[in-house]
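In our numbering, the protein residues as written are 245 to 407.
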Ligand code: SF4
């Protein structure tokens with residue numbers, strides 16, 4: 245897995261101040277993609293074990309609400325297993341902090357991936373330029389849904405976290 249950036253004080257991608265990991269590689273090719281260079285799986289730097297410690301350390305301060313995974317596409321097969329391990333470690337060390345993940349795929353296609361069980365919130369759906377709305381919180385276009393993962397898994401239906 246490659247990654248482009250770790251932002252240790254992100255206030256745009258989820259609730260509160262968060263640690264955000266931007267991974268590389270995405271096959272969705274949404275027209276109007278805001279992050280085209282990140283579609284390349286070789287973009288950025290190789291993921292190494294020391295980055296796990298760097299992220300866990302960055303999550304320590306009380307003012308950090310949690311971890312956000314985005315890209316690129318965190319749920320591509322090249323990325324999701326390593327990210328699942330990172331989520332498990334995050335939950336073990338910080339059970340009260342939340343994990344958000346952004347995907348260009350939709351809930352119906354990804355809900356059975358093991359990583360999904362580790363998430364609190366999934367923002368799903370491709371960015372659609374015709375549905376772009378700058379007034380929306382935490383998402384770029386109105387087709388995207390902010391899903392409460394645990395409630396959705398429990399009820400086997402889509403329960404929104406935020407409308
Ligand atoms: S899912 Fe995100 S990174 Fe991938 S093409 Fe669409 S907007 Fe770009």
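Even glycine gets a Cβ: it sits at the ideal position worked out from N, Cα and C.
Check, Outcome
"C-alpha distance - residue 369 paired with residue 247, whole-angstrom precision", "21 Å"
"Closer than 7 Å: residue 337 CB and nearest the ligand SF4 heavy atom", "no"
"8 Å Cβ cutoff met for residue 254 and residue 312", "yes"
"Distance cut-off 7 Å: residue 273 Cβ against heavy atoms of the ligand SF4", "yes"
"Complete runs of the alpha helix (DSSP H) confined to the stretch 257-334 [at least 4 residues]", "293-302"
"Simplified DSSP state of residue 359, which is helix, strand or coil", "helix"
"Cross-strand partners of residue 389 (DSSP beta bridge)", "368"
"Residue 317 CB to nearest heavy atom of the ligand SF4 below 7 Å", "yes"
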